[in-house]
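For the sequence shown, the numbering used here begins at 433 and goes up steadily by one.
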Amino acid sequence: MNTDLTLLRLGCAALLTSLLCATPTRAEASVSLKDCRISDASGIRSITARCGTLTVPENYAEPDGRQIDLFVAVVPALSQKPAATPFTAIAGGPGAASTEFYAAYAGAFSRIQRNHDIILIDQRGTGRSGALDCPVPEELDAADWSLELVRDSTRECLASIDADVRQYTTSVAVRDLDRLREALGYEQLNLYGSSYGTRVAQHYMRRYPQRTRTVILDGVLPAADSVGPEIAIDAQQALDRILARCAADSDCSEHFPDLADRLNELHQRLRSGPAQVAMQDPSSGEPDTFDFSEMDLVVALRLMSYHPDSIALMPLLIDAAARGNMAPLAAQSRMAQQDLSEALSFGMHNAVVCTEDAPFYGNLDIDRTALEETYIGATQFDTLVEICKIWEQGVIDDDLKTTVTGTTPVLILSGSADPITPPGNGERVADALENALHIVANGQGHGVAAVGCMPQLMADFVANASIEGLDPSCMDKQGPSPFFVNFSGPTP
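Next comes the structure, spelled out in structure tokens:
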């Protein structure tokens with residue numbers, strides 16, 4: 433879901449984590465742990481934990497070959513007598529680190545932590561598990577993007593990585609996860625996956641059904657789907673809904689009439705060349721000038737549409753940019769790109785997409801005209817194709833791309849405004865399962881574990897290992913955030 437630099441960031445979708453659980457005594461019997469703190473990708477939020485490493489073969493077909501260390505963190509349950517089954521979360525991207533995800537979203541899982549230890553493992557190729565990072569030349573701007581640049585950057589990335597990139601895929605990651613379960617002495621796991629992490633969770637559930645107690649899928653990617661061409665289509669539909677909601681809202685439409693036309697005019701203006709914007713750098717606060725390009729606009733629109741709070745700002749920032757004040761929108765784009773660069777290992781992202789998605793594009797009915805008519809265009813899809821012409825395909829199980837079935841209790845979560853994994857995905861996954869409940873959070877975006885009463889619903893589900901008795905009506909009060917009509921906020 434990315435390219436090499438800015439567009440690489442554009443394609444990425446969600447965050448994910450990889451947690452497991454165990455009591456400290458069990459964990460210390462197999463994995464040497466010591467006191468530590470784990471932080472989110474920005475380093476701002478951190479929590480205490482016990483950290484160590486799990487050593488596994490890089491290539492399971494060569495068990496005596498090169499070994500790699502996977503970073504593990506244990507966040508103990510608050511209870512003196514924790515439940516026997518641990519809780520595992522798997523972070524998205526692909527390319528995000530579980531420990532960083534959990535540090536950022538620990539509050540969503542605090543009720544589960546009351547009775548379950550939380551064990552996190554940075555998926556191989558992410559975070560502190562040998563991150564497959566790609567160098568990004570800092571002097572390059574989004575406006576410099578070209579397919580030739582994509583090809584050159586991909587070759588440079590491959591040359592810079594000291595790893596067998598074929599081994600950094602979902603099929604291998606689930607073996608790591610089960611190796612950790614076994615090392616810690618647990619019979620079963622409770623799984624949580626977000627975005628790409630739902631692919632990992634579904635494949636673990638398929639490969640190790642007897643080891644899977646419960647599964648929570650948040651922002652679902654159906655196992656049989658190939659990520660790529662639908663990204664631009666879904667993103668355009670999400671943007672259209674935002675513009676339509678503004679037009680139907682009396683305050684938003686009064687302050688920002690003809691918003692869709694103004695956005696189109698802004699897009700066309702930037703298509704002819706970037707605008708130089710004077711603003712404070714979002715990270716340093718120092719004065720800076722920024723060439724705000726068409727691609728930067730696309731990045732801002734795409735990533736702001738992930739969350740209701742940033743959606744609430746979009747009409748205001750689009751209108752300001754159309755009137756010539758591009759600094760607020762440019763700052764959002766710059767911050768989003770920086771956050772994504774900090775959070776994702778793009779080499780690992782490529783290893784997954786070029787094995788599990790791009791090789792299957794030939795099986796899809798791709799409407800090139802429809803892609804080109806979206807605000808993202810066909811560029812993002814073309815970038816993935818070019819990267820994967822060069823990147824080595826990796827290990828993939830024969831059943832990875834098949835629909836998951838079974839009787840395991842599964843709780844499926846969707847946001848009605850999700851621009852990358854819309855609720856229809858959750859419906860398709862739920863229809864194939866015998867014991868699933870799908871909850872759609874009104875007005876919410878990508879990843880809803882922390883929204884409203886969802887943390888309590890998840891905790892009840894994990895505690896009882898059942899969808900019976902779960903009452904999602906407590907989510908009925910949730911809705912989209914009101915639009916900002918000026919920089920002071922929404923209309924009171």
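Just so you know, even glycine gets a beta-carbon here, dropped at the ideal spot from N, CA and C.
Chain-order list of residues whose beta-carbon lies under 6 Å from that of residue i (same chain, five-residue window excluded)
i, result
"Gly484", "Val463, Ser464, Leu465 and Val504"
"Asp713", "Asp720"
"Leu745", "Phe916"
"Asp657", "none"
"Glu571", "Low per-residue confidence applies at Glu571: pLDDT is 46, beneath 50, and the placement is therefore not dependable enough to give any value."
"Asp903", "none"
"Pro887", "Ala540 and Arg543"
"Ser871", "Per the sequence shown, residue 871 should be read as Ile rather than Ser. Hits under 6 Å: Leu845 and Pro904."
"Tyr624", "Ala521 and Ile648"
"Arg613", "Leu621"
"Pro495", "Pro489"
"Asn867", "Thr839 and Pro841"
"Glu501", "Residue 501 is actually Asp in this sequence, not Glu. Thr485 and Thr487, listed in sequence order."
Local conformation of residue i per DSSP, three classes
i, result
"Lys909", "coil"
"Gly625", "strand"
"Asn936", "Residue 936 lies beyond the stretch modelled for the chain, which goes from 433 to 924, so this question has no answer here."
"Val504", "strand"
"Ser478", "strand"
"Val836", "coil"
"Ser464", "coil"
"Val784", "helix"
"Asp657", "coil"
"Ile470", "strand"
"Asp814", "helix"
"Leu796", "coil"
"Thr630", "helix"
"Pro495", "coil"
"Asp728", "helix"
"Ile828", "coil"
"Ile663", "helix"
"His739", "coil"
"Glu804", "helix"
Opposing strand residues paired with residue i [DSSP bridges]
i, result
"Val709", "Phe722"
"Phe519", "Ile550 and Asn622"
"Pro514", "None; Pro514 has no bridge partner."
"Cys483", "Lys466 and Ala505"
"Gln642", "Beta-bridge pairing links Gln642 to no other residue."
"Ile648", "Tyr624 and Leu843"
"Pro489", "Gln499"
Same chain, Cβ closer than 8 Å to residue i, five either side skipped, listed in chain order
i, result
"Gln708", "Thr721, Phe722, Asp723 and Phe724"
"Leu653", "Ser627, Tyr628, Thr630, Arg631, Val659, Thr853 and Asn857"
"Arg694", "Phe688, Ile750, Asp751 and Ala754"
"Ala763", "Met711, Gln712 and Pro714"
"Gly877", "Ser737, Tyr738, His739, Pro740, Ile743, Gly847, Ala849, Asp850 and Pro851"
"Arg611", "Leu486 and Val488"
Residues of its chain near residue i, where Cβ-Cβ distance is below 7 Å and the 5 sequence neighbours each way are ignored
i, result
"Gln620", "Thr517, Arg643, Thr644 and Arg645"
"Leu776", "Cys444, Gly525, Gly527 and Ala528"
"Gly911", "Asn874 and Gly875"
"Pro747", "Cys678, Cys684, Phe688, Leu691 and Phe915"
"Phe813", "Gly660, Pro661, Ala664 and Leu803"
Any non-hydrogen atom of the ligand FMN within 8 Å of residue i CB
i, result
"Ala881", "In terms of ligand content, the structure shown is empty, and the ligand FMN therefore cannot be addressed."
Requested in this report: Could you pull out every unbroken beta strand (DSSP E) segment of at least 3 residues lying fully inside the region 527-613, listed in chain order?
Outcome: Fully enclosed beta strand (DSSP E) runs of 3 or longer: 550-553.
Requested in this report: Mind listing, in chain order, the continuous alpha helix (DSSP H) runs of no fewer than 4 residues lying wholly within the region 841-902?
Outcome: 855-864 and 886-896
**Report entry** contact_flag[the region 801-811, the region 746-765] where n(CB pairs < 8 Å) is 3 or more
**Finding:** no
Report task. Say whether the region 834-841 touches the region 591-610, bearing in mind that this needs 3 or more beta-carbon pairs closer than 8 Å, one atom from each stretch. Result -> Counting Cβ pairs under 8 Å, fewer than three are found: no touch.
Requested in this report: Flag this pair as touching only if the region 681-689 and the region 549-561 have three or more C-beta atom pairs under 8 Å; answer yes or no.
Outcome: no
Report task. Evaluate contact between the region 470-481 and the region 528-540, counting only Cβ atoms and requiring at least three cross-stretch pairs below 8 Å. Result -> yes
Query raised in the report: Taking only runs of the alpha helix (DSSP H) that begin and end inside the region 742-784, which ones reach a length of at least 4 residues, in chain order?
Result: 746-754 and 759-775
**Report entry** Touch test, the region 787-794 against the region 819-833, Cβ-Cβ under 8 Å, three pairs minimum
**Finding:** yes
Query raised in the report: In the region 665-713, which residue ranges form an unbroken beta strand (DSSP E) of at least 3 residues, counting only runs that do not cross its ends?
Result: The qualifying runs are 707-712.
Requested in this report: Evaluate the contact criterion for the region 825-832 versus the region 858-870: three or more CB pairs, one atom per stretch, below 8 Å.
Outcome: no
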